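First up is the structure itself, then whatever we jot down about it.
And the structure:
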């Protein structure tokens with residue numbers, strides 16, 4: 001499976017990664033193509049009749065009781081936030 | 001050309017758990033911003049979500065209530081997108097293996113037409129936080145209290161053919177989740193939110209038209225209006241030679257219109273993949289049967305029972321089973337008085353009238369069902385007449401007595417059925433009204449029926465409303481006609 005320049009730009013956009021030059025994008029095209037080549041090799045393995053595995057662990061999800069166990073730690077959490085006001089985390093203006 | 005509307009709904013129901021779906025932070029409504037957002041909700045590095053059993057139980061109960069298949073394994077996946085109120089950069093949701101499989105909901109339309117709407121599936125997911133777009137020095141404020149609140153997203157098949165059917169469907173879902181007690185169903189506080197998929201097609205055509213999705217409609221009325229607007233827009237567009245584009249639209253209640261949300265539409269690519277932090281959820285049949293045992297009688301069953309066993313009209317059965325508090329109130333009145341029709345009349349008449357006038361929810365009614373049942377009992381055993389009953393109700397409403405019996409006693413409202421006592425009052429009224437008596441007796445017998453009202457009124461007044469009106473009527477006729 002080949003990856004092209006446009007695919008790299010699209011993936012970068014979806015992941016909100018800044019790619020600033022064609023040269024940089026070309027580097028990713030090469031790297032990602034090599035990764036996909038390896039995936040292609042994996043695809044060649046015959047998996048007929050094998051159930052897809054979503055998790056490598058052969059166990060199931062543990063459930064917790066529906067109880068409130070967390071206390072308010074807003075001050076601690078907001079101490080490492082770049083900007084806060086009136087208890088809110090501030091972010092660059094979101095325009096709908 | 002004749003057009004047919006096709007509607008499918010995604011209803012997000014906020015589950016009434018104490019804590020969040022993956023963390024032990026509180027879900028209580030109305031707290032100070034970010035005081036209920038813990039490290040897991042904030043998506044800080046190194047945290048591990050652990051699934052809330054309460055949310056699982058509620059989802060399973062909903063599935064059982066709509067006769068859905070509950071698969072033995074379900075899986076959480078990550079739905080990736082960027083928005084400031086989603087700090088992890090993904091929403092933990094379910095896609096390929098949801099917790100609730102295919103089911104069905106019965107809706108009731110006008111003229112008692114019933115229709116079954118198929119449910120494609122329902123899945124668990126977490127809610128996002130809230131963005132506050134007021135200006136904070138050119139920035140937006142984020143409150144993450146709601147982040148991680150458990151949601152059950154219920155996805156219907158495109159089975160609805162009108163705005164009315166869509167509203168009936170949402171009402172049915174609302175009734176089920178509130179009966180189950182898995183959500184407070186408060187649409188104004190966002191406990192139920194709908195995404196509406198609408199398309200039109202020429203009548204008789206099998207293939208669906210292109211649909212538009214109207215996001216986040218949050219009241220029964222807005223759902224109806226948003227659909228009506230959107231259907232009209234699409235038909236006009238096509239008839240003018242245009243094409244409906246698949247897009248997300250927003251309903252604006254102020255302008256009563258839908259608007260395109262994204263102009264530079266790029267197909268969403270959420271890149272779902274299994275959440276590595278959460279293992280497959282396995283539910284054995286013992287667990288599912290345990291949940292089944294907790295199910296209360298559901299709205300449709302209740303409606304059928306009210307109609308078939310209690311003999312109520314279809315309309316009364318529908319109204320009284322519409323919400324669980326109403327149904328429970330009615331059944332409590334019935335338990336005291338033993339007469340379903342009278343209980344239904346009082347709950348829907350005098351009680352609803354007072355509640356609506358003062359905008360009070362039935363669960364906060366100043367008159368308890370035990371008090372109302374006691375009142376209805378006194379009407380049924382003829383202790384009081386209808387007029388006195390209304391006085392007693394008003395007194396109970398205004399908290400002027402603990403029970404109907406107490407008020408009847410204190411105010412001397414007991415119906416007078418003693419013939420001798422009524423006759424004495426009638427004789428007095430006849431003696432006091434020589435002019436009216438003479439007029440009555442001179443009148444054409446056909447006109448007397450109307451004229452007797454005056455005397456009935458006088459006698460009732462003399463008895464302070466306590467005389468039995470039927471008896472008064474009968475005895476008056478005898479006495480006036482006998483001369």
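Residue numbers (the numbering used here), protein chains in the order written: chain A, 1 to 96; chain B, 1 to 483.
Here a beta-carbon is modelled for each residue, glycine too, at the ideal position from N, C-alpha and C.
Just so we're clear, the structure is a prediction, and the values are computed from it rather than from any experiment.
Q. Residues in the stretch 112-130 of chain B with C-beta within 8 Å of chain A's C-beta atoms, listed in sequence order?
A. Residues passing the 8 Å Cβ filter: none.
Q) When burial is assigned at 16 or more other CB atoms within 10 Å of the CB, is residue 80 (chain A) buried or exposed? A) Reading the first chain from its first residue, position 80 is the one you call residue 80 (chain A). Counting Cβ neighbours within 10 Å, residue 80 (chain A) comes out exposed, since fewer than 16 surround it.
Q.
So, at 7 Å on beta carbons, what are the nonlocal neighbours of residue 103 (chain B) in its own chain, with the 5 sequence-adjacent residues on each side left out?
A. The residue labelled residue 103 (chain B) in the question sits at position 103 within the second chain. Scanning its chain for C-beta atoms nearer than 7 Å, with the 5 sequence neighbours on each side dropped, one finds around residue 103 (chain B) the residues 63, 66, 67, 68 and 119, in chain order.
Q | Cross-chain neighbours of residue 281 (chain B) in chain A, by beta carbon under 9 Å | A | By one-based count along the second chain, residue 281 (chain B) stands at place 281. Under a criterion of Cβ atoms nearer than 9 Å, the residues of chain A adjacent to residue 281 (chain B) are, in order, 60, 61 and 63.
Q: Could you tell me which of B:477, B:416, B:13 and B:445 sits nearest to residue 462 (chain B), measuring between CA atoms?
A: Here residue 462 (chain B) refers to the residue found at position 462 of the second chain. Residue 462 (chain B) has its Cα closest to that of B:416, out of B:477, B:416, B:13 and B:445.
(Q) On the CB-based measure, 16 or more other CB atoms within 10 Å of its CB, does residue 302 (chain B) come out buried or exposed? (A) Taking the first residue of the second chain as position 1, residue 302 (chain B) is located at position 302. Counting C-beta atoms within 10 angstroms of its own C-beta, residue 302 (chain B) has 16 or more neighbours from the protein chains shown and is therefore classed as buried.
Q | Backbone CA spacing between residue 473 (chain B) and residue 396 (chain B) [nearest angstrom] | A | Reading the second chain from its first residue, position 473 is the one you call residue 473 (chain B). Reading the second chain from its first residue, position 396 is the one you call residue 396 (chain B). Note on geometry: alpha-carbon atoms of residue 473 (chain B) and residue 396 (chain B) lie some 29 Å from one another.
Q) Between which two residues does the beta strand (DSSP E) containing residue 121 (chain B) stretch? A) Sequence index remark: in the second chain, residue 121 (chain B) carries index 121 (1-based). From DSSP, the beta strand (DSSP E) with residue 121 (chain B) extends over 114-126.
Q | Helix, strand or coil at residue 85 (chain A) according to DSSP, with G and I counted as helix | A | For the purposes of this step, residue 85 (chain A) is identified with residue 85 of the first chain, where counting begins at 1. Of the three classes helix, strand and coil, the one that applies to residue 85 (chain A) here is strand, per DSSP.
Q: Give the secondary structure of residue 69 (chain B) by DSSP, where H, G and I count as helix, E and B as strand, and everything else as coil.
A: For the purposes of this step, residue 69 (chain B) is taken as the residue at position 69 of the second chain. The answer is coil: DSSP assigns residue 69 (chain B) none of H, G, I, E or B.
(Q) Please tell me whether residue 263 (chain B) has its Cβ less than 8 Å away from any Cβ of chain A. (A) Your numbering for residue 263 (chain B) matches position 263 in the second chain. With a pLDDT of 47 at residue 263 (chain B), under the threshold of 50, the modelled position of that residue is not reliable, and the figure given next carries that caveat. So, not an interface residue.
Q: Use the C-beta contact count for residue 84 (chain A): other C-beta atoms within 10 angstroms, 16 or more gives buried, fewer gives exposed.
A: Translated into the one-based positions of the first chain, residue 84 (chain A) becomes position 84. Burial call: buried.
Q: Residues of the stretch 25-59 of chain A with a CB closer than 7 Å to any CB of chain B: list them in chain order, please.
A: Going along the stretch 25-59 of chain A in chain order, one finds 54, 55, 57 and 59 with a Cβ nearer than 7 Å to chain B.
Q. Would a C-beta distance cut-off of 8 Å place residue 51 (chain B) and residue 21 (chain B) closer than the cut-off?
A. One-based indexing of the second chain puts residue 51 (chain B) at position 51. One-based indexing of the second chain puts residue 21 (chain B) at position 21. Residue 21 (chain B) is positioned such that its CB atom lies closer than 8 Å to that of residue 51 (chain B).
Q.
Going by the DSSP bridge assignment, what does residue 194 (chain B) pair with across the sheet?
A. If you number the second chain from 1, residue 194 (chain B) lands on position 194. DSSP, once it has assigned bridges, lists B:11 and B:217 as partnering residue 194 (chain B).
Q. Helix, strand or coil: which one does DSSP assign to residue 257 (chain B)?
A. Taking the first residue of the second chain as position 1, residue 257 (chain B) is located at position 257. Assignment of residue 257 (chain B) by DSSP, reduced to helix, strand and coil, places it in the strand class.
Q) Residues in its own chain within less than 8 Å of residue 24 (chain B) by CB, not counting five upstream and five downstream? A) Position 24 of the second chain holds residue 24 (chain B). Taken in chain order, the residues that qualify are 38.
(Q) Across the stretch 208-219 of chain B and the stretch 228-248 of chain B, are there enough close Cβ pairs to call them in contact, namely three or more that are closer than 8 Å? (A) At 8 Å Cβ cutoff, the stretches touch.
Q) Going by alpha carbons, who is nearest to residue 124 (chain B) out of B:430, B:55, B:186 and B:73? A) On the second chain, residue 124 (chain B) is found 124 positions in, with the first residue counted as 1. Nearest C-alpha to residue 124 (chain B): B:55.
Q. What do you reckon, are the CB atoms on residue 158 (chain B) and residue 8 (chain B) nearer than 8 Å?
A. Position 158 of the second chain, counting from 1, holds the residue named residue 158 (chain B). Position 8 of the second chain, counting from 1, holds the residue named residue 8 (chain B). Contact flag set, yes.
Q. DSSP state of residue 569 (chain B), grouped into three classes?
A. Nothing about residue 569 (chain B) can be read from this structure; chain B reaches only from 1 to 483.
Q: Could you check the C-alpha separation between residue 121 (chain B) and residue 76 (chain B) for me, to the nearest Å?
A: Locating residue 121 (chain B) in the second chain gives position 121, counting from the first residue. Locating residue 76 (chain B) in the second chain gives position 76, counting from the first residue. Between residue 121 (chain B) and residue 76 (chain B), the C-alpha separation is close to 14 Å.
Q. When the cut-off is 8 Å and only beta carbons count, does residue 98 (chain A) lie next to chain B?
A. An answer regarding residue 98 (chain A) cannot be provided, because it is not within the stretch 1 to 96 covered by chain A.
Q. Buried or exposed: which applies to residue 45 (chain A), given that a residue is buried once 16 or more other Cβ atoms fall within 10 Å of its Cβ?
A. Looking up residue 45 (chain A) in the first chain gives position 45. By the 10 Å Cβ count, residue 45 (chain A) comes out exposed.
Q: Determine the direct distance from the alpha carbon of residue 87 (chain B) to that of residue 45 (chain B), and round the result to whole angstroms.
A: Within the second chain, residue 45 (chain B) is the residue found at index 45, counting from 1. Within the second chain, residue 87 (chain B) is the residue found at index 87, counting from 1. Rounded to whole angstroms, the gap between the alpha carbons of residue 45 (chain B) and residue 87 (chain B) is 11 Å.
Q) Considering only the beta carbon of each residue, do residue 310 (chain B) and residue 340 (chain B) sit closer than 8 Å? A) Numbered from its first residue, the second chain carries residue 310 (chain B) at position 310. Numbered from its first residue, the second chain carries residue 340 (chain B) at position 340. Cβ distance < 8 Å, so residue 310 (chain B) and residue 340 (chain B) count as in contact.
(Q) Could you compute how far the alpha carbon of residue 263 (chain B) sits from the alpha carbon of residue 240 (chain B)? (A) Taking the first residue of the second chain as position 1, residue 263 (chain B) is located at position 263. Taking the first residue of the second chain as position 1, residue 240 (chain B) is located at position 240. Low confidence applies here, because residue 263 (chain B) scores a pLDDT of 47, under 50, leaving its location unreliable; read the following figure in that light. Cα to Cα, the separation comes out at about 21 Å.
**Q.** Rounded straight-line distance, which links the Cα of residue 380 (chain B) to that of residue 69 (chain A)
**A.** Working through the first chain from its first residue, we reach residue 69 (chain A) at position 69. Working through the second chain from its first residue, we reach residue 380 (chain B) at position 380. For residue 69 (chain A) and residue 380 (chain B), the distance between alpha carbons rounds to 54 Å.
(Q) Determine, for residue 17 (chain B), whether the minimum Cβ-Cβ distance to residues of chain E falls below 8 Å. (A) No chain E is part of this structure, whose protein chains are labelled A and B.
Q. Touching or not, the stretch 8-23 of chain A and the stretch 46-55 of chain A, by the rule of three or more beta carbon pairs under 8 Å?
A. Not touching, per the Cβ criterion.
(Q) My assumption, with CB atoms under 8 Å, is that residue 428 (chain B) sits in contact with residue 403 (chain B). Please give the rounded CB distance. (A) Mapped onto the second chain, residue 428 (chain B) falls at position 428. Mapped onto the second chain, residue 403 (chain B) falls at position 403. About 33 Å; that fails the 8 Å criterion.
Q | residue 11 (chain A) - partner residues in DSSP beta bridges | A | Walking along the first chain from the start, residue 11 (chain A) turns up at place 11. DSSP lists no partner for residue 11 (chain A).
Q | Spatial distance of residue 237 (chain B) from residue 172 (chain B) (CA atoms) | A | Looking up residue 237 (chain B) in the second chain gives position 237. Looking up residue 172 (chain B) in the second chain gives position 172. So the two alpha carbons sit approximately 32 Å from each other.
Q | Bounding residues of the alpha helix (DSSP H) (the contiguous stretch that carries residue 38 (chain A)) | A | Residue numbering aside, residue 38 (chain A) sits at position 38 when the first chain is read from its first letter. Where residue 38 (chain A) is concerned, the enclosing alpha helix (DSSP H) stretches over 22-43.
**Q.** CB contact flag (residue 16 (chain B), residue 184 (chain B), <8 Å)
**A.** Position 16 of the second chain, counting from 1, holds the residue named residue 16 (chain B). Position 184 of the second chain, counting from 1, holds the residue named residue 184 (chain B). Yes, these two residues count as a Cβ contact at 8 Å.
Q: Identify whether residue 358 (chain B) lies in helix, strand or coil by the three-state DSSP scheme.
A: In the second chain, the residue the question calls residue 358 (chain B) occupies position 358. For residue 358 (chain B), the three-state secondary structure derived from DSSP is coil.
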